[in-house]
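In what follows, a structure is listed as structure tokens, so that the remarks can point back to it.
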Amino acid sequence: MSQSRGVAVLLDTNMLLLMAEGIPLMDQIEEKLLAKPRYIVITPVLNELAKLASTGKPSVSRRARLALEIISRFCEVVEYQLKPGEKVDDAIVRYALENEAIVATSDRELRRRLREHGLPEIYLREESWRIDVEGVPSSY
Numbered sequence: 076m077s078q079s080r081g082v083a084v085l086l087d088t089n090m091l092l093l094m095a096e097g098i099p100l101m102d103q104i105e106e107k108l109l110a111k112p113r114y115i116v117i118t119p120v121l122n123e124l125a126k127l128a129s130t131g132k133p134s135v136s137r138r139a140r141l142a143l144e145i146i147s148r149f150c151e152v153v154e155y156q157l158k159p160g161e162k163v164d165d166a167i168v169r170y171a172l173e174n175e176a177i178v179a180t181s182d183r184e185l186r187r188r189l190r191e192h193g194l195p196e197i198y199l200r201e202e203s204w205r206i207d208v209e210g211v212p213s214s215y
């Protein structure tokens with residue numbers, strides 16, 4: 076599989092936590108895209124995971140620490156600031172719009188917002204535990 080500089084997959088917190096549960100989402104993403112994308116994590120997502128790792132319930136804390144390990148091994152962390160009054164999901168949408176990134180999330184509300192903006196998304200179908208892709212042009 077070729078590593079394409081053009082394909083960037085922006086991972087959100089819940090997708091990283093699912094990876095930390097051992098679901099091979101990166102393999103599935105690469106299978107669906109027929110490419111090895113750059114996996115991007117913006118700093119607000121990193122900060123959210125760090126907070127969960129230090130203050131979450133033991134099971135959540137453990138998964139958040141594993142997610143941080145996945146990030147350090149497989150992802151590119153992009154310094155990205157929240158604007159005043161902005162939530163992490165707002166920053167994800169903004170980054171995806173500015174950088175033509177595919178967003179990987181299982182958050183229903185975030186997925187709705189991505190569709191409103193015509194942004195491509197990758198999400199987990201919980202009934203089959205397989206990822207699906209929507210709105211990704213064939214030029215990816």
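In short: position in the sequence shown from 1, add 75, done, that's the numbering used here.
Every residue gets a Cβ at the ideal spot worked out from N, C-alpha and C, and that includes glycine.
Terminal residues of the beta strand (DSSP E) in which residue i lies
i: E209; result: R205 to E209
i: L74; result: In this structure the chain extends from 76 to 215, so residue 74 is not present and cannot be described.
i: L139; result: Checking the sequence shown, residue 139 turns out to be Ala, not Leu. Where A139 is concerned, there is no enclosing beta strand (DSSP E), although the alpha helix (DSSP H) it sits in stretches over P133 to F149.
i: I177; result: I177 to A179
Whole-angstrom distance between residue j and residue i, CA atom to CA atom
i: L121; j: Q156; result: 12 Å
i: I167; j: H192; result: 12 Å
i: W204; j: L93; result: 10 Å
i: Y170; j: A176; result: 8 Å
i: R113; j: M90; result: 15 Å
i: V116; j: E202; result: 26 Å
i: V211; j: V82; result: 10 Å
i: T88; j: E144; result: 13 Å
i: S77; j: K111; result: Its pLDDT being 38, under 50, S77 is placed unreliably by the model, and the measurement read from it follows with that caveat. Roughly 6 Å between the two C-alpha positions.
i: K107; j: L86; result: 16 Å
i: E151; j: T130; result: 25 Å
Unbroken alpha helix (DSSP H) run spanning residue i, endpoints
i: E123; result: T118 to T130
i: C109; result: Here residue 109 turns out to be Leu, not Cys, going by the sequence shown. Unbroken run through L109: none, as it is neither H nor E.
i: I167; result: V163 to N174
i: E191; result: R183 to E191
i: L93; result: T88 to A95
Buried or exposed by the 16-neighbour rule on C-beta atoms within 10 Å, applied to residue i
i: L109; result: exposed
i: R187; result: exposed
### Three or more C-beta pairs below 8 Å linking the segment 195 to 206 and the segment 176 to 187
Taking a contact to require three or more Cβ pairs closer than 8 Å, the segment 195 to 206 and the segment 176 to 187 qualify as touching.
### Query
With a cut-off of 8 Å, do at least 3 Cβ pairs link the segment 91 to 107 to the segment 131 to 145?
With a cut-off of 8 Å, the segment 131 to 145 and the segment 91 to 107 count as touching, because enough Cβ pairs lie within range.
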